[in-house]
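Below: the structure, in structure tokens.
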Amino acid sequence: MDPDLVAPVVPWDLVLSEDELVSLASLCDVIIPADQHSPAASALGAHDFINEWVSAPYEGNERDLTLVRGGLAWLNTESHRRFDAPFALLGAGQKAELCDEICYAPRAAPGLEAQARFFDKVRDLTSTAFWTTEEGMADLGFVGNRPMATFEGPPPEVLQRLGLT
Amino acid sequence: MMPWQDDPDVIVVGSGAGGGMAAYVLACSGVKVLLLEAGRDYDPVTETPMFQLPKDAPLRAAGTSDKPFGFYDATVDGGWSVPGEPYTSAEGTNFMWWRSRMLGGRTNHWGRISLRMGEYDFKPYSRDGLGFDWPMTYDDLAPWYDKTEMLVGVYGTNEGLENTPDSGPEVLQPPPAPRAYELLTKKTCDGLDIPVIPAHLAILTERQAAERLSNRLWPDNGLARRVTRESMASRAACFWATPCGRGCSIKANFQSPTVCLPPALATGNLRIVTNAMVREVTVDAGGRANGVHYIDRETRTDRFASAGVVVLAASACESARILLNSRSSSFPDGLGNGSGLVGRYLMDTVGAGVSGQIPALENLPRHPEEGASAMHLYMPWWLYGEQARGALDFARGYHVEFGGGQRMPGYGAFSGLEPLTEGAYGQRFKEECRRYYGSFMYFDGRGEMIPNDDSYCEIDPDVVDQWGIPVLKFHWEWSDHELNQAVHMQETFAEIIDAMGGQVLSTVQTDGARAIAAPGQIIHEVGCTRMGDSASNSVLNQYCQSWEVPNLFVMDGGPFVSNADKNPTLSIMAIAWRSSEYLVEQLATGGLS
Ligand SMILES: Cc1cc2nc3c(=O)[nH]c(=O)nc-3n(C[C@H](O)[C@H](O)[C@H](O)COP(=O)(O)OP(=O)(O)OC[C@H]3O[C@@H](n4cnc5c(N)ncnc54)[C@H](O)[C@@H]3O)c2cc1C
Ligand code: SF4
């Protein structure tokens, strides 16, 4: 493969539907909500990145498409069954009730293993999407990717914290 | 610019570490060189995505099957597979062969780790009765290590440690300041008696002293001095910001197309033809090499180029492939293969790693940690004494490469937090990400593999590539020395992480076959056309010259007799330089015709 590295493009079509993206955006924001330091994940396009990810023509991504679609369908079915509304329109407590059941595989009930894998996949993809944006990097305090005349090593307060002085 | 039109004196095949260095030394010495490169033309100055963010690339620049080391990696049309250019493996062999199809080959994205082989490394058989000795000593090669380091620009220090040679005076660039996690590791390892010292990497930490170095490199050759000085003066020092694996548009790290080829072209003695896939070397009635056949990849037509000398530097396995495919009535088993050793004693490096999370590094005040992108410190092998006493169940050493820090977040930077945070999401997850940022570390061992009879490549008679060239078939076996070493690596790294107060995140294997990386995966492909002291036990003499065809040379990793834990590329270049000087002398005295 010899793509233009200086001006990259995404060469494949995006496959998730409008409805799926609405549910996904809502889940992304449950995973990374807004706070005083930075916006919520969907405000930085996390759901669009996940769409790009699951639409990619590679084996692993194709598997993730099935996982994510199946997981979103389960979330909405369960939302309707319990609360008579789609996931995106649930209240915070209702969303948490569902997510708590699948957010940690070792504690997921039997029968919810796939849903737990789905949740962890979306958590990983959301965190990748979020923290790689300018806003995410600023929130982390990442200070690189700009030229410096010298490299000084860690500042004194870091050395002190590590007991290296 | 076409400097000359008649036949070249020498054809060099391949423009990577070995071929780039051969072309530089030969062109500087007044030899007319035609360089044939299978890949496309490539210019790091205009094509390197220096500051592009992961978010600007597809999939946040994650690795895929067609860009295995990520979107921005400086590999064109390559990786573990090259479209239309397959290779095969014997049953039970999972050899992985990394290739790229671009001017400069794998020097565009290599890790820049540049360690000298030591005196033990040239005479391993004499020390422990395993493997084979080189036909030269460390002292024989040392002057060319100095020259290579001066041209390339290598940072590091002279520590005077066992089998870890010092460079000559005023050869090395100053090492960069260590990072926080590197200092913490050093402090921990001091307590474990594991040495942690400045790494040696082919990166300029300050501008090269162009005048002084070019005078030292070429005291009696005005042309070479001038082109070298001008090339050095055009290189900037590292600005501590961008990943070396993408290449370096300011020429601060070593790539053949920024360091070897520009001065060689400036002599007027080098002509480069890209998209030239060499299939075989031809011989005249007297059994001397007289040229090469290559496929022009753009028109898919066969071309012939003639020359008085042929230097193969297409990578260890590919050069062996070309020789094995060069059959004639004088050389029915492949050119220069009277010993039957072409393709034999293929080696890679033993690799095994462990990752960990270090609480002491959580929530550290933010500060620049990218530095020279790769490691500033490393651990040379330290248990020579134990090995000599027979206290270890493997015969040869490894060094340790380690990393971590507050790096630019990329794909997967916060993946895998589920077990560490018991499935956190929401505000708590956001805070856990901030807390864990910069607290992950990895340790990778890079160890010596002892050559064996069962690790080799040969021509697969049943398969050809899209150019109609028969392909290679790989065979592989590890011995217990490698497998036990891989276990020792993982146990040691777990011990270090533990001593740092951290938790090990990956599985520490007790079965070497599970610990060790796949053969080829460390991408230190050497051997296949080894040098030696007689035509019966080797393919080449110590100057990389074929015993049987005196005007044929191999100057990549192929001539390696052993594969010390030291990453091979610096040695490939030093040996190519030394051998090219020999070639020039032989040309002058008529020794090749
Ligand atoms: C990710 C990565 C990290 C690495 N890190 C390090 C490191 O830190 N330190 C280290 O010492 N080494 C490292 N290496 C290994 C290093 O890249 C190689 O040792 C070195 O490039 C080998 O030089 P070479 O000249 O043999 O081959 P290459 O540099 O690969 O050059 C061979 C050239 O020949 C061309 N070619 C191939 N076949 C033909 C043909 N039939 N006709 C014409 N041209 C042909 C190729 O296209 C290529 O351009 C690393 C490699 C990789 C991939
Ligand atoms: S870290 Fe330095 S040498 Fe490496 S690419 Fe960036 S500027 Fe160049």
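Residue numbers (the numbering used here), protein chains in the order written: chain P, 1 to 165; chain L, 1001 to 1593.
All C-beta atoms in this analysis are idealised placements derived from N, C-alpha and C, irrespective of residue type, glycine included.
Quick check: is any heavy atom of ligand 1 less than 6 Å from the C-beta of residue i?
i	result
V10/P	no
S1579/L	no
E1037/L	yes
N1567/L	yes
Q1113/L	Here residue 1113/L turns out to be Ile, not Gln, going by the sequence shown. Correct: I1113/L has its Cβ closer than 6 Å to ligand 1.
A92/P	no
T1107/L	yes
V1278/L	yes
A108/P	no
R1040/L	no
W1110/L	yes
Is residue i close to ligand 2? I mean its beta-carbon at under 6 Å from any heavy atom of the ligand.
i	result
A1372/L	yes
I1459/L	no
T1299/L	no
N1158/L	no
T1242/L	yes
F142/P	no
F151/P	no
N1541/L	no
C1248/L	yes
C1238/L	yes
N1253/L	yes
What span of residues does the beta strand (DSSP E) with residue i cover, start to end?
i	result
P1470/L	P1470 to H1475
F1443/L	F1440 to G1447
M1347/L	R1344 to M1347
Q1357/L	V1350 to Q1357
F1402/L	Y1398 to G1404
L1035/L	V1033 to L1036
With 16 other CB atoms within 10 Å as the buried threshold, where does residue i fall?
i	result
A1395/L	buried
M1001/L	Only weak support exists for where M1001/L lies, its pLDDT of 47 falling under 50; the coordinates are left without a value.
N1363/L	exposed
G1019/L	buried
H1367/L	buried
G153/P	buried
T150/P	exposed
W1547/L	buried
G12/P	Sequence inspection shows Trp at residue 12/P; the Gly mentioned does not correspond to that position. Answer is exposed; the Cβ neighbour count stays below 16.
M1/P	exposed
L1265/L	buried
D1073/L	buried
V1310/L	buried
S1100/L	buried
Note the first and the last residue of the continuous alpha helix (DSSP H) segment covering residue i.
i	result
E1085/L	From DSSP, E1085/L is part of no alpha helix (DSSP H); its letter is neither H nor E.
A1305/L	Premise fails: A1305/L lies in the beta strand (DSSP E), T1301 to S1306, not in any alpha helix (DSSP H).
S1126/L	P1124 to D1128
Y1024/L	A1017 to C1028
G1512/L	G1512 to A1515
I102/P	A92 to I102
A1276/L	It is not in any alpha helix (DSSP H) - A1276/L instead sits in the beta strand (DSSP E) that spans A1276 to V1283.
F32/P	In the sequence as displayed, the identity of residue 32/P is Ile instead of Phe. No alpha helix (DSSP H) holds I32/P; DSSP gives it neither H nor E.
Using a Cβ distance threshold of 8 Å, determine whether the stretch 1382-1392 of chain L contacts the stretch 1435-1447 of chain L, with at least three qualifying pairs required. no
Any chance the stretch 1337-1355 of chain L sits against the stretch 1207-1222 of chain L, with 3 or more Cβ pairs inside 8 Å? The stretch 1337-1355 of chain L is not in contact with the stretch 1207-1222 of chain L.
Per the contact definition of three or more C-beta pairs closer than 8 Å, is the stretch 1145-1154 of chain L in contact with the stretch 1113-1124 of chain L? yes
With three or more C-beta pairs closer than 8 Å as the rule, is the stretch 1375-1386 of chain L touching the stretch 101-118 of chain P? No, the stretch 101-118 of chain P does not touch the stretch 1375-1386 of chain L.
Check whether the stretch 1529-1545 of chain L touches the stretch 1496-1513 of chain L, taking contact to mean three or more Cβ pairs, one atom from each stretch, closer than 8 Å. no
Meets three-Cβ-pair contact criterion under 8 Å: the stretch 1037-1054 of chain L and the stretch 1127-1142 of chain L: no
Does the stretch 1078-1086 of chain L come into contact with the stretch 61-80 of chain P, if we say contact requires no fewer than three beta-carbon pairs (one atom in each stretch) closer than 8 Å? Segments in contact, no.
Examine the Cβ distances between the stretch 1140-1152 of chain L and the stretch 109-128 of chain P and report whether three or more of them are shorter than 8 Å. no
The stretch 45-65 of chain P touching the stretch 82-95 of chain P, judged by at least three CB pairs closer than 8 Å: no
So does the stretch 1328-1338 of chain L actually touch the stretch 1267-1283 of chain L, counting three or more Cβ pairs closer than 8 Å? yes
Check whether the stretch 1404-1411 of chain L and the stretch 132-151 of chain P touch, using three or more Cβ-Cβ pairs below 8 Å as the test. yes
Below 8 Å, can you find three or more Cβ-Cβ pairs linking the stretch 1474-1486 of chain L to the stretch 1413-1433 of chain L? no
Counting pairs of beta carbons, one from the stretch 104-113 of chain P and one from the stretch 1201-1213 of chain L, are three or more of them closer than 8 Å? Touching, no.
When the Cβ atoms of the stretch 1445-1458 of chain L are set against those of the stretch 1547-1564 of chain L, are three or more pairs found closer than 8 Å? Yes: the two stretches touch, three or more of their Cβ pairs being nearer than 8 Å.
Any 3 or more C-beta pairs closer than 8 Å across the stretch 20-27 of chain P and the stretch 1058-1066 of chain L: The stretch 20-27 of chain P vs the stretch 1058-1066 of chain L: no contact.
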